[in-house]
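Here the structure is laid out as structure tokens; the discussion comes afterwards.
Residue numbers (our numbering): 642 to 976.
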């Protein structure tokens, strides 16, 4: 059976060449509505559905998907594509508005009434902010957004008060991970109000040496200041990753090549494999490609990391286990 993984990938992830370290960037804006209790305090589901209707009316050009009308597998697919958060699934009256290429989404009734997301692979944080801000302006024209002249945007969580903005960059950091430098880096940037998390944010697991670097606080700084400082932090992490890769290639080349080719052999020949192992094997193969140890046609790390997740492997009507289907996809696409 041929597996067309592109059917499971958001359009914005498909179109560009992958870079060695930066996987994607995201801007998220948290907003709340006046005269509505916060989502976690709704007395009934109807309170949430009223908010959904108001936000949908304000953004008529987006497609609305109500989570109460979706099965669990469909919801988990949307989590895998970063269109919604795992927390949104837990809400009884939740929805998401999505544009055509799925680069823009608006979660409704997560922790806040509204969470605007703009995502891209080769787009600057400033450009993504401009896209998210445009949606924010559109909402502001027809909705009464909670705002305080001194504090800024009012949010459920105190750490989001102010700009209500979370800027984040997804990085592939196998060198720093292999050399066990990530704890030190996390401690260092934490002192400046920035944090490193797993690919799905706070509390999520790290897969395939990929990390999300983002700001923690939004009060007392402008959007531009947050973006500029995060960019500096990310550039420093990228610099350190490049240095480590150079050292691995210069002083530990045989061990690094052995690691890469072992992972390549497993991915090309496995018959069963877990998500965790597959992600780390893919990471090491990508490292080998970036260091010019191997050349693979059409190897797409970002796309494969999405396509091998469990929700996308439950569609096929056969008796194979998820681990078997994952192995089939990897053998088919890594040649």
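Just so you know, even glycine gets a beta-carbon here, dropped at the ideal spot from N, CA and C.
If you're wondering where the values come from, they're calculated on a predicted model, not measured in any experiment.
Opening and closing residue of the beta strand (DSSP E) in which residue i lies
i	result
residue 704	704-707
residue 757	755-761
residue 946	Taken as a continuous stretch (DSSP letters only), residue 946 belongs to no beta strand (DSSP E), being part of the alpha helix (DSSP H) at 942-948.
Cβ pair residue i, residue j closer than 8 Å
i	j	result
residue 874	residue 830	yes
residue 680	residue 689	yes
residue 665	residue 760	yes
residue 718	residue 730	no
residue 786	residue 734	no
residue 901	residue 928	yes
residue 915	residue 964	yes
residue 784	residue 674	yes
residue 923	residue 849	yes
residue 824	residue 840	no
residue 670	residue 806	yes
residue 789	residue 672	no
residue 835	residue 871	yes
residue 918	residue 814	no
residue 943	residue 659	yes
residue 743	residue 853	no
residue 751	residue 732	yes
residue 975	residue 940	yes
residue 749	residue 696	yes
residue 954	residue 714	no
residue 912	residue 968	yes
Expected contact under 8 Å - CB spacing of residue i and residue j to nearest Å
i	j	result
residue 800	residue 793	That belief does not hold up - the Cβ atoms of residue 800 and residue 793 are roughly 13 Å apart, past 8 Å.
residue 868	residue 767	6 Å
residue 668	residue 769	4 Å
residue 755	residue 780	7 Å
residue 950	residue 721	5 Å
residue 704	residue 738	7 Å
residue 885	residue 820	6 Å
residue 897	residue 889	5 Å
residue 707	residue 736	5 Å
residue 765	residue 654	17 Å between Cβ atoms; not a contact.
Three-way DSSP call (helix, strand, coil) for residue i in this model
i	result
residue 847	coil
residue 647	Unreliable placement is indicated for residue 647, whose pLDDT of 49 sits below 50; no coordinate value is reported for it.
residue 748	strand
residue 838	strand
residue 857	coil
residue 900	helix
residue 742	coil
residue 895	helix
residue 934	coil
residue 809	strand
residue 852	strand
residue 652	helix
residue 802	coil
residue 786	strand
Start and end residues, alpha helix (DSSP H) containing residue i
i	result
residue 987	Here the chain has residues from 642 to 976 only, and residue 987 is not among them.
residue 875	864-892
residue 928	916-931
residue 777	766-783
residue 973	963-974
residue 823	823-831
residue 815	815-819
Minimum Cβ-Cβ distance from residue i to chain D less than 8 Å
i	result
residue 791	The displayed structure is made up of one protein chain only, and chain D is not part of it.
Go through the stretch 675-738 residue by residue and report every complete run of the beta strand (DSSP E) that reaches 3 residues or more, in order.
704-707
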